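In this text, residue positions in the sequence shown follow the numbering used here: the first is 19, and each later residue adds one.
By construction, the Cβ of each residue, glycine as well, lies at the ideal position given by its N, Cα and C atoms.
Given the structure is predicted, the values throughout are model-derived calculations rather than measurements.
One structure below.
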Amino acid sequence: MPPCKLARGSRLVLATHNAGKLAEFATLMAPFGITVVSAGELGLPEPEETATSFAGNAAIKALAAAKAANLPALADDSGLCVSALGGAPGIYSARWAGPDKDFAGAMARIEEGIGPDERDAWFVCVLCLATPDGATQSFEGRINGEIVYPPRGTEGHGYDPIFQPEGETRSFAEMSEAEKNAVSHRARAFAAFRTACLEK
19 MPPCKLARGS RLVLATHNAG KLAEFATLMA PFGITVVSAG ELGLPEPEET ATSFAGNAAI
79 KALAAAKAAN LPALADDSGL CVSALGGAPG IYSARWAGPD KDFAGAMARI EEGIGPDERD
139 AWFVCVLCLA TPDGATQSFE GRINGEIVYP PRGTEGHGYD PIFQPEGETR SFAEMSEAEK
199 NAVSHRARAF AAFRTACLEK
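Dropping the structure here:
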């Protein structure tokens, strides 16, 4: 199936209720003349994420938003995977922090579950573009690294303070937003999406 191209002047629903994520994607889309509106702004409900993979959950969110708004929709599903934990927390990364978003507790739980020589980890992001007719396309980005502890840095969010990407001496949370965005899993997924779906 040929990729869906988003023309300049298009409106795109970002399937999120997170204002920070909306701001990030609005900035990324601006050079391509795409107006981004969030599912939260449109009052769309958040669908239950019942899939067992990042791609599956991204597709659930994108399809729900595209059909409800009758517009193309983009969703992302991302998380931290730790080798010694069998890939956990993975798709459950947000849930590990609980309803109170206790990422300090979630980071401590990871540290408690791994040994000093079992630090390999990676972040994954899958972006899914869906159209109201039910078509979807997915784009994956991944960055490898290791778990560091105790948490370091005050930038970023989630598990950024304990993730040090390959080739770096700093955690994601010790990098500026621009530095992280240049190399992150989300940046890599967005680059693949941009090449396939955005007009230069």
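Taking the CA atoms as reference points, residue 215 sits about 6 angstroms from residue 22. Relative to residue 185, the option among 202, 40, 174 and 195 whose CA is nearest is 202.
If you look at residue 162, you'll find it in the beta strand (DSSP E) that goes 154 to 165.
Within the same chain, 129 and 180 come within 7 angstroms of residue 167 by CB-CB distance, once the 5 residues on both sides are set aside. As the crow flies, the alpha-carbon of residue 101 is around 15 angstroms from that of residue 177. Taking the Cβ atoms as the reference, residue 93 lies roughly 4 angstroms from residue 80, within the contact range of under 8 angstroms.
For residue 56, the uninterrupted beta strand (DSSP E) run begins and ends at 53 to 56, by DSSP. Under the three-state reduction of DSSP, residue 93 is assigned to strand. Cβ-Cβ separation between residue 146 and residue 77: approximately 5 angstroms, consistent with a contact (criterion under 8 angstroms). Around the beta carbon of residue 198, a 10 Å sphere encloses 16 or more other beta carbons of the protein chains shown; the residue is thus reported as buried. Take residue 173, set aside five residues on each side of it, and the residues of its chain with a beta-carbon closer than 6 angstroms to its own are 191, in chain order. Under the three-state reduction of DSSP output, residue 179 falls in the helix class. Residue 50 places its beta carbon 8 angstroms or farther from that of residue 142.
Distance check between residue 205 and each of 56, 157 and 126 places 157 closest, using alpha-carbon atoms only. Residue pairing for residue 107: DSSP places it in a beta bridge opposite 99. For residue 146, the enclosing beta strand (DSSP E) stretches over residues 138 to 148.
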